[in-house]
Every structure is written in structure tokens, then in C-alpha cells.
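Heads up, the thing below is written out as C-alpha cells.
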Amino acid sequence: MKTRLNKKGAAIILVLAAIMLLTVVCLDMFDDSLVSHQLAQNYRARTQAYYLAKSGVNFSKMLLFYNKQVESELTKKKTSLQALGYEPLYKMIPLSSEALRGMVSMGAMLSGGEEGEVTDGTEDEAEAEAEAEEDKDESENEGDASTADSVGMLQKEGIEEFLGFEGNFDVEISEEQSKYSLNAVSKMTSNSPSYDLHKKVLLSLLLRPEFKNFFNNQAQEAETLTHAIADFVDANNVINEFDQVERGDEGSAYNKLSYQAKDGPFLTLSELRLVPGMGDDIFETIKPLVSVYHTSEKVNVCLAEPEIVDALIAHYTKYSECTTPLDGEKDADEIAKHRDELLALCPDKTAMATALNVALGISSAADANTATTTSSASGTTTNVSSATGKTSSKVAGCQIQFEDLIATDNNVFRIKASGSVGDITSSIVIVLDTSGGKANQWPVLYYRID
Numbered sequence: 035m036k037t038r039l040n041k042k043g044a045a046i047i048l049v050l051a052a053i054m055l056l057t058v059v060c061l062d063m064f065d066d067s068l069v070s071h072q073l074a075q076n077y078r079a080r081t082q083a084y085y086l087a088k089s090g091v092n093f094s095k096m097l098l099f100y101n102k103q104v105e106s107e108l109t110k111k112k113t114s115l116q117a118l119g120y121e122p123l124y125k126m127i128p129l130s131s132e133a134l135r136g137m138v139s140m141g142a143m144l145s146g147g148e149e150g151e152v153t154d155g156t157e158d159e160a161e162a163e164a165e166a167e168e169d170k171d172e173s174e175n176e177g178d179a180s181t182a183d184s185v186g187m188l189q190k191e192g193i194e195e196f197l198g199f200e201g202n203f204d205v206e207i208s209e210e211q212s213k214y215s216l217n218a219v220s221k222m223t224s225n226s227p228s229y230d231l232h233k234k235v236l237l238s239l240l241l242r243p244e245f246k247n248f249f250n251n252q253a254q255e256a257e258t259l260t261h262a263i264a265d266f267v268d269a270n271n272v273i274n275e276f277d278q279v280e281r282g283d284e285g286s287a288y289n290k291l292s293y294q295a296k297d298g299p300f301l302t303l304s305e306l307r308l309v310p311g312m313g314d315d316i317f318e319t320i321k322p323l324v325s326v327y328h329t330s331e332k333v334n335v336c337l338a339e340p341e342i343v344d345a346l347i348a349h350y351t352k353y354s355e356c357t358t359p360l361d362g363e364k365d366a367d368e369i370a371k372h373r374d375e376l377l378a379l380c381p382d383k384t385a386m387a388t389a390l391n392v393a394l395g396i397s398s399a400a401d402a403n404t405a406t407t408t409s410s411a412s413g414t415t416t417n418v419s420s421a422t423g424k425t426s427s428k429v430a431g432c433q434i435q436f437e438d439l440i441a442t443d444n445n446v447f448r449i450k451a452s453g454s455v456g457d458i459t460s461s462i463v464i465v466l467d468t469s470g471g472k473a474n475q476w477p478v479l480y481y482r483i484d
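Residue numbering for the sequence shown follows my numbering, starting at 35 and increasing by one per position.
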């Protein structure tokens with residue numbers, strides 16, 4: 035009897051052990067399934083986020099294309115968006131799917147009439163047809179078919195269909211030609227006047243107050259860093275200082291490093307970290323102000339950061355040798371005042387340079403007033419030589435001219451697009467050269483996915 039009871043107890047223990055083992059196995063499988071499911075969900079969301087970011091890039095390219103079309107039409111009429119007081123098209127239209135949805139919803143609410151008002155369907159149709167006819171007449175009067183297409187590219191129905199997706203995208207578009215070019219010296223010879231001149235613009239930037247705490251001796255160390263940056267990309271292998279002075283082999287600055295100067299253009303901004311003397315603080319501060327994706331010696335000041343415009347003004351007053359130099363820190367308020375006066379005259383380079391010369395006392399206000407003409411189309415003012423009838427802001431006796439430092443063209447753009455689905459975010463950074471005609475043939479200068 036006792037043996038039979040012992041056998042029953044052993045059987046119960048075996049059953050309980052089997053149940054426990056199966057429970058552990060099932061829980062483990064369930065946990066694995068949850069992890070696999072979550073990974074699949076995350077992968078799906080990340081894929082969606084990536085394609086939302088890509089949609090943001092394509093949407094940006096479309097806006098850039100239409101902006102070029104509008105600017106082209108306005109150029110034929112000898113004016114521009116900025117001259118008419120408008121921002122570029124890609125700054126006027128929200129580059130966010132959430133904001134666009136809000137605009138569409140608000141438009142739908144406004145088009146439905148005032149609150150509490152009951153409208154008849156027939157009357158609505160008649161009003162809509164009348165409005166459509168008015169819009170058609172206005173577009174025909176304002177320009178040709180291409181301009182009308184540009185204005186009517188974002189119809190309400192198209193936007194609603196375009197925005198009918200899960201998640202959001204946000205886009206930032208910035209202009210690379212509104213930044214100082216680090217690669218411009220790569221196409222110059224070290225004994226050319228433009229080589230020194232372009233380096234001195236960079237020095238003026240590094241001498242600004244934002245960089246003061248990064249140097250023990252700002253004047254000396256900023257100049258040394260300026261030479262090091264230029265030597266990293268210029269064609270020769272010597273240390274080039276100002277006024278065509280050479281100080282030996284540039285490789286001596288890399289003796290303790292595992293690499294040498296590139297002697298070629300930067301491919302990405304990250305390469306700037308390889309320059310001796312370039313600390314993280316300096317890099318992060320100068321990064322939004324410089325570019326490696328264009329080689330123009332000029333800067334589009336109308337779209338540039340204030341630090342760039344201020345540095346150019348300080349540079350001009352110091353190296354033109356025809357006015358009192360302005361210090362970026364001590365004369366910050368005066369420089370800011372000159373900057374505001376310049377930007378108010380965008381995009382007329384001649385008017386901007388003339389206004390600065392008058393403000394600095396290089397040209398007299400009386401002379402400028404007698405030699406100016408006002409364009410009735412754009413409302414901008416330009417300095418005109420009474421002898422030749424040509425627009426000019428050149429001042430005799432100045433070693434450099436401010437008009438030669440600035441530009442208004444804008445063909446290289448950085449697009450940063452991010453897509454989000456839930457908590458998952460994916461971003462794309464792309465730099466495009468839009469100087470070509472067709473958007474699908476624009477060269478990609480940089481591409482990164484995060």
C-alpha cells in the first residue's frame with residue numbers, strides 16, 4: 035500500500051515538472067514572438083519613415099524647380115521675388131506635412147462659409163465657376179502658361195491626395211552659396227591676389243566674438259588656423275602666409291599625425307576636423323557658416339547668416355584701406371546697422387555696395403543721390419555713372435570693392451528631410467546642384483541617411 039502511494043507521488047511530481055517545463059518553453063517562445071513582432075513593427079515603421087523623408091526630398095526638389103521657373107520668368111521682366119518683397123518659394127510654403135494638413139483643413143473651413151451660414155449647392159457651384167474664371171483671367175494677364183502652371187501647382191485636391199499617408203515629414207532647405215567656400219582656394223594659385231583676399235575673409239570670420247573663447251591668443255591663432263585650412267586644400271606643399279610669404283614644408287604641421295595635407299578640395303565638412311588646430315568647439319561653431327559644395331569666391335549675402343554678412347563688412351573696412359576699420363566686437367552695433375541697411379536693398383548688389391560706401395563715408399550721400407536711378411519695376415536703387423550710363427558702385431582708391439565680395443545667384447542647396455512614424459524617425463541629408471535645367475538630372479553632391 036505504501037509503495038503504491040509513493041508511485042502516485044512520483045507521478046504527480048513528474049506531471050508538475052512537465053507542466054513547469056512546458057510553461058517555461060511557452061513563455062520563452064511568447065517572449066521571442068513579442069521581440070520578433072516588435073522588430074518587424076520597427077522595421078516597417080523605419081521603412082515608412084525613410085520613404086516619408088524621401089518624399090520630403092522630392093517635394094523639396096519640386097519646390098526648387100518651380101522656384102527656378104518663377105525666378106526665370108521674373109528675370110525676363112528684369113525683377114525678382116526678393117525685389118518684389120517676397121521670400122523664395124521654398125520659404126513661403128511650409129515644408130512640413132503636418133503644417134500642410136493644417137493649411138488644407140483651414141482652407142476647407144474657410145471655403146465652407148461663415149459659421150452658421152447655410153449655402154445652396156447651386157449657388158456654391160456658380161460661385162466656384164465664377165472664381166475659377168476670375169483665377170483663369172488673372173493668370174492669363176499675369177504671365178504665360180509656365181507662370182500659371184507655377185502658381186497653380188498646389189491645388190487643394192492634389193495636396194489632399196498627396197498628404198493621405200500615415201506619419202509626417204519635415205524639411206529644411208538652406209542655400210550653400212550663402213556660406214563661405216572652403217574649396218575656392220583649391221582652384222587658385224598661392225601667388226594670386228584672390229588667394230590672399232579669400233583667406234582674409236575666413237580670418238575675419240574667425241576673429242568674430244563667437245570664436246574668442248576658443249583661442250588663447252585669438253589674433254595669432256586664428257591667422258595660423260586660416261593658413262592651415264587653406265594649405266590643406268591648396269595645390270602646393272608649402273605653408274602659405276599672407277603677402278605671398280612661404281614658411282617651409284606644410285608637412286611639418288602633420289609630423290605627429292598619421293596623415294598629411296590633402297592638397298585637394300574637401301569632399302565633406304567632416305574633413306575640416308583633420309586640419310591641425312581645428313578643435314571641436316571651433317568646428318561646431320563654424321560649420322553652419324562654411325561650405326565645401328561650391329567654389330565661388332563670393333557670398334549670397336541676401337540669404338546668409340548675420341555672422342557672414344558682419345564678417346564681410348568688417349573685412350571690407352579693414353582691407354579696402356579707404357575707411358576706418360570696424361572691429362567685430364567693439365563695433366558690433368554699427369556693423370549690425372550697416373547689415374540691416376544692406377539687406378533692405380537685396381538683391382541689388384550695386385545698391386547694397388553703394389549704400390555701404392555712403393554709410394562708411396567712402397562716398398558722399400550727395401554724390402550717390404545725384405548718380406542714382408530708381409527702377410519703377412522693382413523699386414530698388416542703383417548707382418549709375420553719369421559719364422557712361424552704366425551701373426557702378428566702384429570707388430577709386432579702395433584696394434577691394436564690396437560689390438566684388440557678394441553675389442545673388444543661388445544654385446546649390448542643402449536639403450535635410452526627416453520622416454517620422456510613431457516614435458521612429460529617419461532622416462536624409464542631400465546637397466544638390468540645381469544649375470541644370472531638369473530636376474531629375476541635378477547632380478547630387480552629398481547624400482547621407484540617418
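Note that beta-carbon positions come from the ideal geometry of N, C-alpha and C, so glycine has one too.
This one's a predicted model, so the numbers in the text were calculated from it and none came from an experiment.
Q: State the Cα-Cα distance for the pair Pro-299 and Gly-90, rounded to the nearest angstrom.
A: The residue given as residue 299 occupies position 265 in the sequence shown. The residue given as residue 90 occupies position 56 in the sequence shown. If you draw a straight line from the Cα of Pro-299 to the Cα of Gly-90, it comes to about 30 Å.
Q) Whole-angstrom Cβ separation of Gln-211 and Asn-391, contact assumed at under 8 Å? A) Here the question's residue 211 lines up with position 177 in the sequence shown. Here the question's residue 391 lines up with position 357 in the sequence shown. Actually they are not in contact, since the Cβ atoms of Gln-211 and Asn-391 sit about 24 Å apart, beyond 8 Å.
Q: Reducing DSSP to helix, strand and coil, say where Ile-347 ends up.
A: In the sequence shown, the residue the question calls residue 347 occupies position 313. Helix, per DSSP.
Q. Where does Ser-212 sit, in a helix, a strand or coil, going by DSSP?
A. On the sequence shown, position 178 is the one that residue 212 refers to. DSSP places Ser-212 in helix when its eight states are reduced to three.
Q: Note down the Cα distance separating Leu-323 from Asp-277, rounded to an integer number of angstroms.
A: Sequence index remark: in the sequence shown, residue 323 carries index 289 (1-based). Sequence index remark: in the sequence shown, residue 277 carries index 243 (1-based). Between Leu-323 and Asp-277, the C-alpha separation is close to 26 Å.
Q) In terms of residues, what are the limits of the alpha helix (DSSP H) holding Lys-234? A) Residue 234 sits at position 200 when you count from the first residue of the sequence shown. Residue range 227-240 is occupied by the alpha helix (DSSP H) that includes Lys-234.
Q: Give every residue of the same chain whose Cβ lies closer than 8 Å to the Cβ of Gly-362, excluding the five residues on either side of it in the sequence, and list them in chain order.
A: Your numbering for residue 362 matches position 328 in the sequence shown. Cβ neighbours of Gly-362 beyond the five flanking positions: Ser-238, Leu-241, Arg-242, Pro-243, Asp-344, Ala-345, Ala-348 and Ile-369.
(Q) If I follow the unbroken beta strand (DSSP E) through Ala-451, where does it start and stop? (A) Reading the sequence shown from its first residue, position 417 is the one you call residue 451. Here the beta strand (DSSP E) through Ala-451 covers 446-455.
**Q.** Cβ-Cβ distance between Cys-380 and Gln-72 below 7 Å
**A.** To locate residue 380, count along the sequence shown from 1; it is residue 346. To locate residue 72, count along the sequence shown from 1; it is residue 38. For Cys-380 and Gln-72, no; Cβs fall outside 7 Å.
Q | Enclosing alpha helix (DSSP H) for Tyr-124 [first to last residue] | A | The sequence position of residue 124 within the sequence shown is 90, counting from 1. Note, Tyr-124: alpha helix (DSSP H), 123-126.
Q: Taking 8 Å as the threshold, find out whether the region 437-449 comes into contact with the region 76-86 through three or more Cβ pairs.
A: no
Q.
Do Ile-396 and Ser-94 have their beta-carbon atoms positioned less than 7 Å apart in this structure?
A. Reading the sequence shown from its first residue, position 60 is the one you call residue 94. Reading the sequence shown from its first residue, position 362 is the one you call residue 396. In this structure, Ile-396 does not lie closer than 7 Å to Ser-94 by Cβ.
Q. By Cβ distance below 8 Å, which residues in the same chain neighbour Ile-342 in space, the five residues on each side in sequence not counted?
A. Here residue 342 corresponds to residue number 308 of the sequence shown, with the count starting at 1. Correct list, in chain order: Ser-212, Lys-213, Tyr-214, Leu-239, Leu-323, Val-333 and Val-335.
**Q.** Enclosing beta strand (DSSP E) for Glu-280 [first to last residue]
**A.** Reading the sequence shown from its first residue, position 246 is the one you call residue 280. First-last of the beta strand (DSSP E) with Glu-280: 279-283.
Q. Is DSSP giving Val-463 helix, strand or coil here?
A. Translated into the one-based positions of the sequence shown, residue 463 becomes position 429. If DSSP states are grouped into helix, strand and coil, Val-463 belongs with the strands.
Q | Segment limits, alpha helix (DSSP H) that includes Arg-373 | A | Here residue 373 is taken as the residue at index 339 of the sequence shown, counted from 1. Note, Arg-373: alpha helix (DSSP H), 366-377.
Q | Contacts around Leu-108, its chain only, beta-carbon distance under 7 Å, and the 5 residues preceding and following it disregarded | A | The count along the sequence shown starts at 1 and reaches residue 108 at position 74. Answer for Leu-108: Ser-114 and Leu-115, listed in chain order.
Q) Any C-beta of chain C sitting closer than 7 Å to the C-beta of Gln-294? A) Here chain C cannot be found, since the structure has a single protein chain.
Q: Look at the alpha carbon of Glu-209 and the alpha carbon of Glu-284, and state the distance between them as a whole number of angstroms.
A: The count along the sequence shown starts at 1 and reaches residue 209 at position 175. The count along the sequence shown starts at 1 and reaches residue 284 at position 250. Straight-line Cα distance between these residues: approximately 33 Å.
Q | Same chain only: Cβ atoms within 6 Å of Glu-206, ignoring 5 sequence neighbours per side | A | Taking the first residue of the sequence shown as position 1, residue 206 is located at position 172. Take Glu-206, set aside five residues on each side of it, and the residues of its chain with a beta-carbon closer than 6 Å to its own are Lys-450, in chain order.
Q. Would DSSP call Ser-410 helix, strand or coil?
A. On the sequence shown, position 376 is the one that residue 410 refers to. Model confidence at Ser-410 stands at a pLDDT of 36, short of 50, so the residue's coordinates are unreliable and nothing is read from them.
Q) By how many angstroms is the C-alpha of Glu-331 removed from the C-alpha of Ser-398? A) Along the sequence shown, read from residue 1 onward, the residue named residue 398 stands at position 364. Along the sequence shown, read from residue 1 onward, the residue named residue 331 stands at position 297. Ser-398 and Glu-331: Cα-Cα distance of roughly 28 Å.
Q) Within 10 angstroms of its Cβ, does Tyr-120 collect 16 or more other Cβ (buried), or is it exposed? A) Position 86 of the sequence shown, counting from 1, holds the residue named residue 120. Looking at its Cβ environment, which holds fewer than 16 other Cβ atoms inside 10 Å, Tyr-120 is exposed.
(Q) Given this structure, state the Cα-to-Cα distance separating Leu-466 from Asn-217, to the nearest angstrom. (A) Counting from 1 along the sequence shown, the entry for residue 466 is found at position 432. Counting from 1 along the sequence shown, the entry for residue 217 is found at position 183. Counting only the Cα atoms, Asn-217 lies some 17 Å from Leu-466.
Q. When DSSP builds the beta bridges, which residues end up paired with Val-9?
A. This structure cannot settle anything about residue 9, because the visible part of the chain is limited to 35 through 484.
**Q.** Given 8 Å, three or more beta-carbon pairs between the region 306-314 and the region 253-265
**A.** yes
Q | CA nearest to the CA of Ser-454, picked from Phe-203, Gln-435, Lys-221 and Val-219 | A | The residue you call residue 454 lines up with position 420 of the sequence shown. Distances from the alpha-carbon of Ser-454 to those of Phe-203, Gln-435, Lys-221 and Val-219 put Phe-203 closest.
Q) In three-state DSSP terms, what is Tyr-120? A) Position 86 of the sequence shown, counting from 1, holds the residue named residue 120. It is coil, neither helix nor strand.
Q: Please name the residue, chosen from Asn-270, Ser-461, Tyr-85 and Lys-290, that lies closest to Gly-282 on a Cα-to-Cα basis.
A: Sequence index remark: in the sequence shown, residue 282 carries index 248 (1-based). Nearest to Gly-282 by C-alpha distance, out of Asn-270, Ser-461, Tyr-85 and Lys-290, is Asn-270.
Q) Is DSSP giving Ser-114 helix, strand or coil here? A) Sequence index remark: in the sequence shown, residue 114 carries index 80 (1-based). In the structure shown, Ser-114 sits in coil (DSSP, three-state: anything other than H, G, I, E or B).
Q) Under a three-way DSSP split, which group does Glu-149 fall into? A) The residue you call residue 149 lines up with position 115 of the sequence shown. Caution applies to Glu-149, whose pLDDT of 43 falls short of 50 and renders its modelled position unreliable; the value that the coordinates give is listed next. Coil, per DSSP.
(Q) Taking 6 Å as the cut-off, is the C-beta of Leu-479 nearer than that to any heavy atom in the ligand SAH? (A) Questions concerning the ligand SAH fall outside what the structure shown contains, since it holds no ligand whatsoever.
Q) Relative to the alpha-carbon of Ser-469, which residue among Leu-48, Pro-477 and Tyr-481 has its alpha-carbon at the smallest distance? A) Here residue 469 corresponds to residue number 435 of the sequence shown, with the count starting at 1. Comparing Cα positions, the closest option is Pro-477.
Q: Kindly identify the DSSP beta-bridge partner or partners of Ser-325.
A: Taking the sequence shown and counting its residues from 1, the one referred to as residue 325 is at position 291. According to DSSP, which records beta bridges pairwise, Ser-325 is partnered with Ser-215.
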